[in-house]
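Participant: Supplied in structure tokens, the structure appears directly below.
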Amino acid sequence: MKIELRHGSGGEETGRLIAGLFARHFHNPVLDRMEDGAVLPVLDGNPVLTSDSFVVNPLFFPGGDIGRLSICGTVNDLACMGAEPLYLTASFILGTGLDTDRLEKVVQSMAETAAEAGVRIVAGDTKVIEGNGGLYINTAGLGVRPRGSRIGAANLQGGDALLVTGNLGDHHAVILTQRLHMETDLRSDCAPLNGLVADLLHHGLALHALRDITRGGLATVACELAAASAKSLVFSEAALPVSDQVRDLSGILGLDPLTMGNEGNLLISLPAAQAEAALAILHRHPYGKNAALAGKVEEGQGVHLETIYGGVRKLLPLRGEGLPRIC
Numbered sequence: 507m508k509i510e511l512r513h514g515s516g517g518e519e520t521g522r523l524i525a526g527l528f529a530r531h532f533h534n535p536v537l538d539r540m541e542d543g544a545v546l547p548v549l550d551g552n553p554v555l556t557s558d559s560f561v562v563n564p565l566f567f568p569g570g571d572i573g574r575l576s577i578c579g580t581v582n583d584l585a586c587m588g589a590e591p592l593y594l595t596a597s598f599i600l601g602t603g604l605d606t607d608r609l610e611k612v613v614q615s616m617a618e619t620a621a622e623a624g625v626r627i628v629a630g631d632t633k634v635i636e637g638n639g640g641l642y643i644n645t646a647g648l649g650v651r652p653r654g655s656r657i658g659a660a661n662l663q664g665g666d667a668l669l670v671t672g673n674l675g676d677h678h679a680v681i682l683t684q685r686l687h688m689e690t691d692l693r694s695d696c697a698p699l700n701g702l703v704a705d706l707l708h709h710g711l712a713l714h715a716l717r718d719i720t721r722g723g724l725a726t727v728a729c730e731l732a733a734a735s736a737k738s739l740v741f742s743e744a745a746l747p748v749s750d751q752v753r754d755l756s757g758i759l760g761l762d763p764l765t766m767g768n769e770g771n772l773l774i775s776l777p778a779a780q781a782e783a784a785l786a787i788l789h790r791h792p793y794g795k796n797a798a799l800a801g802k803v804e805e806g807q808g809v810h811l812e813t814i815y816g817g818v819r820k821l822l823p824l825r826g827e828g829l830p831r832i833c
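Residues in the sequence shown are numbered from 507 upward in steps of one, following this note's numbering.
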């Protein structure tokens with residue numbers, strides 16, 4: 507079946523679409539009430555709220571799809587605040603002509619990824635627009651973090667170690683090669699990272715700041731942290747984890763892995779004395795096996811890279827278009 511404008515009318519066809527597809531895969535006691543809003547239990551801690559939208563093209567790619575991406579992106583934003591993700595909303599904008607079989611694959615992927623992350627989708631919405639079979643997703647995420655937690659961009663401390671939890675640029679490279687119809691073994695790193703962060707916190711590590719390395723890549727994220735904390739971030743080029751395939755692709759196309767995005771990779775700032783313990787924990791986790799000690803935090807301000815040739819260059823955030831519709 508193809509999506510038509512009548513599926514967004516709010517009438518019988520809309521009800522059938524919601525009941526037969528969305529509600530069937532997102533089934534849980536809160537959503538099953540089918541109210542205008544979700545009534546949630548009282549939280550024991552500080553609520554953390556985030557919102558995100560997803561327009562990735564293509565909808566399906568090696569290692570993920572727009573559905574998995576929408577859950578991971580929202581969950582990871584909450585995890586980067588030191589929060590335990592609990593509840594998500596999911597709103598869909600469907601273009602006419604979209605095949606409901608493709609839509610159901612996306613919805614099923616969302617349900618599976620939400621189960622992996624331990625979150626519930628408790629509310630949502632569906633709209634239909636004239637189009638060529640497009641699909642866009644908007645989410646909101648609610649989590650809770652312990653009272654007194656200070657994890658945040660402004661909390662970097664001089665002397666901190668900087669860890670990267672995985673290879674740089676994998677997701678960016680996958681989306682680009684799919685559009686160029688290039689055959690590679692690359693897979694997106696798209697993954698929910700709340701379990702990884704929970705492991706670090708469970709072992710009592712003093713995480714100062716976490717940031718999801720998405721659009722704009724490590725260089726952009728690092729510049730944002732430097733500005734928020736009034737600190738200097740210094741990375742070692744030799745220590746940065748980049749796969750051979752991404753490195754080769756970057757060389758051919760004139761790209762920089764430092765400005766290529768990920769969807770399952772964090773930059774972590776914590777006391778240098780805890781860096782080795784953190785790496786040991788990360789390496790035991792399936793989404794942290796390529797984690798590396800990538801740099802340090804110093805007094806001052808700015809972001810710099812110690813190159814493999816012994817020099818130092820300033821890192822700047824991504825400028826210009828980059829790769830649109832990467833997430």
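Yeah, the Cβ is synthetic: ideal placement off N, Cα and C, and Gly gets one too. Fair warning: this is a prediction, and the values are worked out from it, not measured in the lab.
Using only the alpha-carbon positions, how far apart do residue 764 and residue 779 sit?
Facilitator: Working through the sequence shown from its first residue, we reach residue 764 at position 258. Working through the sequence shown from its first residue, we reach residue 779 at position 273. Their Cα atoms are separated by approximately 26 Å.
Participant: Whole angstroms is fine: what's the gap from residue 643's alpha carbon to residue 614's?
Facilitator: Counted from its first residue, the sequence shown places residue 643 at position 137. Counted from its first residue, the sequence shown places residue 614 at position 108. When rounded, the distance between both Cα atoms is 14 Å.
Participant: Label residue 737 either buried or exposed according to how many other C-beta atoms from any shown protein chain fall within 10 Å of its C-beta, with 16 as the threshold for buried.
Facilitator: Translated into positions along the sequence shown, residue 737 becomes position 231. By the neighbour-count rule (16 or more Cβ atoms within 10 Å), residue 737 is buried.
Participant: Looking at residue 725 and residue 809, is the spacing between their C-beta atoms short of 8 Å?
Facilitator: In the sequence shown, residue 809 corresponds to position 303, counting from 1. In the sequence shown, residue 725 corresponds to position 219, counting from 1. Yes, these two residues count as a Cβ contact at 8 Å.
Participant: Taking DSSP as the reference, what is the three-state secondary structure of residue 622?
Facilitator: On the sequence shown, residue 622 is found 116 positions in, with the first residue counted as 1. Helix, per DSSP.
Participant: Among 708, 525, 590, 802, which one has its Cα closest to the Cα of residue 549?
Facilitator: If you number the sequence shown from 1, residue 549 lands on position 43. For the residues 708, 525, 590, 802, the minimum Cα distance to residue 549 belongs to 590.
Participant: With a cut-off of 8 Å on the beta carbons, I'd call residue 577 and residue 619 a contact; round off their distance for me.
Facilitator: Here residue 577 corresponds to residue number 71 of the sequence shown, with the count starting at 1. Here residue 619 corresponds to residue number 113 of the sequence shown, with the count starting at 1. About 4 Å; that satisfies the 8 Å criterion.
Participant: Hey, could you find the ends of the alpha helix (DSSP H) residue 648 is sitting in?
Facilitator: Counting from 1 along the sequence shown, the entry for residue 648 is found at position 142. Element bounds for residue 648: not the alpha helix (DSSP H) but the beta strand (DSSP E), 641–651.
Participant: What residues are listed by DSSP as bridge partners for residue 611?
Facilitator: For this step, residue 611 is matched to residue 105 along the sequence shown. DSSP, once it has assigned bridges, lists no residue as partnering residue 611.
Participant: So what does DSSP say about residue 693, is it helix, strand or coil?
Facilitator: Reading the sequence shown from its first residue, position 187 is the one you call residue 693. Correct three-state label for residue 693: coil.
Participant: With residue 732 as the anchor, note down where its alpha helix (DSSP H) starts and where it stops.
Facilitator: Here residue 732 refers to the residue found at position 226 when the sequence shown is read from its first residue. First-last of the alpha helix (DSSP H) with residue 732: 723–735.
Participant: What do you get for residue 769, buried or exposed, if any count of 16 or more other CB atoms within 10 angstroms of its CB means buried?
Facilitator: In the sequence shown, counting from the first residue as 1, residue 769 sits at position 263. Its Cβ being crowded by 16 or more others within 10 Å, residue 769 is buried.
Participant: Under three-state DSSP, which class holds residue 532?
Facilitator: Reading the sequence shown from its first residue, position 26 is the one you call residue 532. Residue 532 falls in the coil class under three-state DSSP.
Participant: Is the Cβ-Cβ distance between residue 673 and residue 752 less than 8 Å?
Facilitator: In the sequence shown, residue 673 corresponds to position 167, counting from 1. In the sequence shown, residue 752 corresponds to position 246, counting from 1. Cβ distance < 8 Å, so residue 673 and residue 752 count as in contact.
Participant: Please classify residue 555 as buried or exposed, where buried requires at least 16 other C-beta atoms within 10 Å of its C-beta.
Facilitator: As a first step, residue 555 must be located in the sequence shown, where it is residue number 49. It is exposed - the Cβ of residue 555 has fewer than 16 other Cβ atoms within 10 Å.
Participant: Quick check: residue 596 and residue 630, are their CB atoms within less than 8 Å of each other?
Facilitator: The residue labelled residue 596 in the question sits at position 90 within the sequence shown. The residue labelled residue 630 in the question sits at position 124 within the sequence shown. Yes, these two residues count as a Cβ contact at 8 Å.
Participant: For residue 810, which three-state DSSP category applies?
Facilitator: The residue you call residue 810 lines up with position 304 of the sequence shown. Strand.
Participant: For residue 802, is the classification buried or exposed, using 16 other Cβ atoms within 10 angstroms of its Cβ as the cut-off for buried?
Facilitator: For the purposes of this step, residue 802 is taken as residue 296 along the sequence shown, with counting starting at 1. It counts as buried.
Participant: Report the residue from 557, 640, 700, 655 whose alpha carbon sits nearest the alpha carbon of residue 791.
Facilitator: Looking up residue 791 in the sequence shown gives position 285. Ranking the options by Cα distance to residue 791, first place goes to 700.
Participant: Determine whether the beta carbon atoms of residue 605 and residue 639 lie at a separation below 8 Å.
Facilitator: Here residue 605 corresponds to residue number 99 of the sequence shown, with the count starting at 1. Here residue 639 corresponds to residue number 133 of the sequence shown, with the count starting at 1. Yes. Within cutoff.
Participant: With burial defined as no fewer than 16 other Cβ atoms inside 10 Å of the residue's Cβ, what is the status of residue 688: buried or exposed?
Facilitator: In the sequence shown, the residue the question calls residue 688 occupies position 182. Per the 10 Å Cβ criterion, exposed.
Participant: Helix, strand or coil for residue 762 per DSSP?
Facilitator: Within the sequence shown, numbered from 1, the residue matching residue 762 stands at position 256. In the structure shown, residue 762 sits in coil (DSSP, three-state: anything other than H, G, I, E or B).
Participant: What are the partner residues of residue 601, as DSSP defines its beta bridges?
Facilitator: What you label residue 601 is simply residue 95 of the sequence shown in a count that begins at 1. BP columns for residue 601 point to 635.
Participant: Measure the C-alpha to C-alpha separation of residue 734 and residue 824 and round it to an integer number of angstroms.
Facilitator: In the sequence shown, the residue the question calls residue 734 occupies position 228. In the sequence shown, the residue the question calls residue 824 occupies position 318. Their Cα atoms are separated by approximately 17 Å.
Participant: What residue does the beta strand (DSSP E) around residue 738 start on, and which one ends it?
Facilitator: Within the sequence shown, residue 738 is the residue found at index 232, counting from 1. Here the beta strand (DSSP E) through residue 738 covers 738–742.
Participant: Once the 5 residues before and after residue 585 are set aside, which same chain residues still bring their CB inside 6 Å of it?
Facilitator: In the sequence shown, the residue the question calls residue 585 occupies position 79. Excluding sequence neighbours, residue 585 sits near 699, 700, 703.
Participant: Output the boundary residues of the alpha helix (DSSP H) element that contains residue 781.
Facilitator: Stepping through the sequence shown from its first residue, residue 781 is reached at position 275. Segment 781–790, the alpha helix (DSSP H) holding residue 781.
Participant: Taking 7 Å as the cut-off, is the CB of residue 737 close to at least one heavy atom of the ligand HEM?
Facilitator: The ligand HEM is not part of the structure shown, which contains no ligands of any sort.
Participant: Exposed or buried, residue 542, counting other C-beta atoms within 10 Å across all chains shown (16 or more means buried)?
Facilitator: Here residue 542 refers to the residue found at position 36 when the sequence shown is read from its first residue. Exposed.
Participant: Considering only C-alpha positions, which residue in the set 813, 515, 545, 603 is nearest to residue 507?
Facilitator: Stepping through the sequence shown from its first residue, residue 507 is reached at position 1. The residue with the shortest Cα to Cα distance from residue 507 is 603.
Participant: Whose C-alpha, out of 664, 575, 708, is nearest the C-alpha of residue 645?
Facilitator: The residue labelled residue 645 in the question sits at position 139 within the sequence shown. Here the closest residue by C-alpha is 575.
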